[in-house]
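Asks: When the letters of the sequence shown are read in order and numbered with my numbering, they come out as residues 1 to 46. All C-beta atoms, glycine included, are put in the ideal place defined by N, C-alpha and C. Nothing here was measured: the structure is a model prediction, and the numbers come from that model.
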Amino acid sequence: MERDKIVKFEEFFINSFSDGKVVRELRLSSDEVEYLRKTYTNIKIR
1 MERDKIVKFE EFFINSFSDG KVVRELRLSS DEVEYLRKTY TNIKIR
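(1) Terminal residues of the continuous alpha helix (DSSP H) containing residue 3?
(2) Given a cut-off of 8 Å, decide if residue 35 and residue 9 are closer than it, judged by their beta-carbon atoms.
(3) I'd like the span of the alpha helix (DSSP H) that includes residue 38, first residue to last.
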């Protein structure tokens with residue numbers, strides 16, 4: 001992913017969980033899922 005897309009995606013991802021919920025349904029591209037798995041190694045993605 002390009003740097004500007006990463007910054008925007010990080011903002012979106014963090015804001016998605018700002019209400020304290022730890023489970024959320026998000027529609028992500030395969031690149032976004034790959035980025036999350038590499039960045040957040042303990043994340044569980046279904």
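Replies: On the basis of the supplied data:
(1) 3-16
(2) yes
(3) 30-39
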